[in-house]
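One line per chain: the protein sequences are A and B, in this order.
Residues in the first sequence are numbered consecutively from 3, following my numbering.
Residues in the second sequence are numbered consecutively from 3, following my numbering.
Beta carbons are placed, not taken as given, at the ideal position from N, Cα and C, and that holds for glycine.
Remarks on the structure that follows.
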Amino acid sequence: MELMAKIAFWIYALIILGGGIVAVGSSSLVRALMGLISTLVGVAGMYMLLGTPFMAFMQLLIYVGAVAVLIFFAVMLTDAHGRGDESEPAPIRQHLFALGAVMAVGGVLSWLIMNRPPASSLVPAEVSIEQLGHGLLESYFLAFELISVVLLVAMSGAVLLAWEKRGKK
Amino acid sequence: MSPLTMYQLVALLLLCLGLFGIAQRRSLVGMLISVELMLNGAGLSIVAASQLTEADAVLGQLGTLLVMGLAAAEATLALSIIVVVAKRFGTTKTREVSTLKD
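Written out as structure tokens, the structure reads:
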């Protein structure tokens with residue numbers, strides 16, 4: 003990596019780390035959501051560094067544009083008022099168990115990553131958007147169609163679950 | 003450290019943050035936020051692995067795109083379930099939502 007790429011990488015990594023800590027630790031759900039959004043933007047920057055501007059664009063469009071707004075609506079609809087559901091601190095035991103789980107998984111995986119590094123090229127592969135379109139409509143056509151079916155089912159399922167007859171209240 | 007290792011470590015950081023959050027949060031919306039963090043880590047890991055090694059780069063990007071689509075579908079369904087739970091129990095705290103039937 004060249005110097006500029008390295009600097010950009012560390013800036014994005016810091017954004018991801020800070021946003022992630024806020025997303026996990028904040029006692030207010032709205033603040034946690036803002037942390038999640040900054041993490042998502044940081045990951046979009048990482049996609050740009052990896053030479054995949056299309057993925058960065060999709061990340062912003064799908065996650066920041068759609069999923070974050072959805073979660074905002076959930077916070078509103080579940081009446082998570084200013085004090086929030088997370089206002090009282092969690093019992094210390096729960097923190098310890100959570101830390102134990104993270105240590106176990108993170109320890110094993112980071113050991114694997116550090117000690118068994120696969121051969122890595124220094125420059126990311128170049129993929130044009132045309133190749134992506136061909137892949138989507140030729141090799142991986144079935145997956146592409148199935149994901150649209152899944153989205154349709156999820157949408158109608160959500161409408162069905164949250165349905166409320168008028169005047170029933 | 004090779005570039006791939008650094009990207010994988012960032013993805014692992016996202017996974018660990020999400021795991022910590024899902025174990026420690028006490029409301030359903032907070033847990034959903036943690037799940038989104040973990041899914042993002044998975045996507046970053048897949049794209050980094052396919053862009054920086056000999057693997058098929060098109061497959062990696064399209065796979066991550068499908069992961070994003072599934073995450074959107076999962077968020078939609080989880081949110082509507084949360085809305086139903088909030089209506090029925092009057093709260094979304096995980097400690098109080100503990101009965102199947104009453």
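Measuring straight from C-alpha to C-alpha, what distance separates residue 14 (chain B) and residue 67 (chain A)?
24 Å
Beta-carbon separation of residue 162 (chain A) and residue 78 (chain B) under 8 Å?
no
Residues that DSSP places opposite residue 29 (chain B) in a beta bridge:
B:95
For residue 62 (chain A), which residues in the same chain have their Cβ closer than 8 Å to its Cβ, ignoring the five residues on either side in sequence?
42, 43, 46
Measure the CB-CB distance between residue 63 (chain B) and residue 126 (chain A) and report whether it falls below 8 Å.
no
Which term fits residue 29 (chain B), buried or exposed, when burial requires 16 or more other beta carbons within 10 angstroms of its beta carbon?
buried
Looking at C-alpha atoms only, which residue of B:84, B:103, B:39, B:60 is the closest neighbour of residue 77 (chain A)?
B:84
Is any beta-carbon of chain A found at less than 8 Å from that of residue 44 (chain B)?
no
Residue 77 (chain A) touches chain B at which residues, Cβ-Cβ below 8 Å?
31
How about residue 75 (chain B) and residue 52 (chain A): are their beta carbons less than 8 Å apart?
no
Could you check what DSSP says for residue 12 (chain A) in three-state terms: helix, strand or coil?
helix
Every unbroken alpha helix (DSSP H) within the stretch 13 to 58 of chain A, with a cutoff of 4 residues, ordered by chain
31 to 51
Answer yes or no: do residue 119 (chain A) and residue 17 (chain B) have a C-beta to C-beta separation smaller than 8 Å?
no
Return the residues of the stretch 103 to 116 of chain A that lie within a Cβ-Cβ distance of less than 8 Å from chain B, sorted by chain order.
103, 104, 107, 108, 111, 112, 115, 116
Where the alpha helix (DSSP H) containing residue 158 (chain A) begins and where it ends:
143 to 163
Using the Cα positions of residue 32 (chain B) and residue 65 (chain B), report the straight-line distance between them to the nearest angstrom.
26 Å
Going along the chain, which residues of the stretch 92 to 104 of chain B sit with their C-beta nearer than 7 Å to a C-beta in chain A?
94, 95
Can you round the beta-carbon distance between residue 137 (chain A) and residue 69 (chain B) to whole angstroms, since I take them to be within the 8 Å contact cut?
Going by Cβ atoms, the distance from residue 137 (chain A) to residue 69 (chain B) rounds to 15 Å, so no, they are not a contact pair.
Can you tell which of A:115, A:21, A:144, A:145 has the C-alpha that lies nearest to the C-alpha of residue 10 (chain B)?
A:115
Using 8 Å as the threshold, is the C-beta distance between residue 15 (chain A) and residue 22 (chain B) below it?
no
Taking all protein chains shown into account, decide if residue 11 (chain A) is buried (16 or more other Cβ within 10 angstroms of its Cβ) or exposed.
buried
How far does the alpha helix (DSSP H) with residue 173 (chain A) in it extend, from its first residue to its last?
Examination of residue 173 (chain A) is not possible in this model, given that chain A is present from 3 through 171 alone.
With distances taken between CB atoms, is the gap from residue 19 (chain B) to residue 107 (chain A) smaller than 8 Å?
no
Taking just the CA atoms, how far does residue 102 (chain A) sit from residue 93 (chain A)?
15 Å
Give the range of the alpha helix (DSSP H) segment to which residue 131 (chain A) is assigned.
131 to 136
Exposed unless 16 or more other CB atoms sit within 10 angstroms - verdict on residue 105 (chain A):
exposed
Below-8 Å beta-carbon distance, residue 123 (chain A) vs any chain B residue:
yes
Would you mind reading off the limits of the alpha helix (DSSP H) that contains residue 78 (chain A)?
70 to 79
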